[in-house]
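Numbering-wise, the sequence shown is residues -20 to -1, 1 to 71 according to mature numbering (1 follows the signal peptide of the UniProt record, and there is no 0).
Notes to accompany the following structure.
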Amino acid sequence: MKTSAAAFAMLLVLACFCLAVTSPLGVGNAPCCNAHTSKRIPARIVKSFFHTSGTCSAFLPNRFILKNGKQACANPRDPWVIAIKDRLEQI
C-alpha cells in the first residue's frame, strides 16, 4: 500500500509540473501588454524589443526594452515602430 501511495504522489507531482510548463503562463512566454503607448518613443532610447505572446490576445504588440530598463508596448503597425524594429534588426 505504501508503494502505491508513493507512486501516486510522484505521479501527481509530475502532472503538476507538466501543467505548469505547458500552461499559457508557463516558461518561455513573453509577458502580455494590456495597452500600448500612443506616443512615439525616440529610437535613441530603445535598447531592444520582442513580440508578446500569441496567448495574450489577437492583437500582438511589440514590447520595447528601453535603455533605462523600463518597458513599453507599441502597436506593430505604426510606422515609427516598424522603423525602430528595422533599425534594431540591422544591428
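Cβ coordinates follow ideal geometry from the N, Cα and C atoms, glycine included.
- In the DSSP assignment, ARG43 falls within the unbroken beta strand (DSSP E) covering 42 to 46.
- Membership of LYS19 in any beta strand (DSSP E) is not indicated, and neither H nor E is assigned to it by DSSP.
- Around the beta carbon of ALA15, fewer than 16 other beta carbons lie within 10 angstroms, which makes this residue exposed.
- If you draw a straight line from the Cα of GLN70 to the Cα of THR(-18), it is about 59 Å long.
- In the DSSP assignment, ALA54 falls within the unbroken beta strand (DSSP E) covering 51 to 54.
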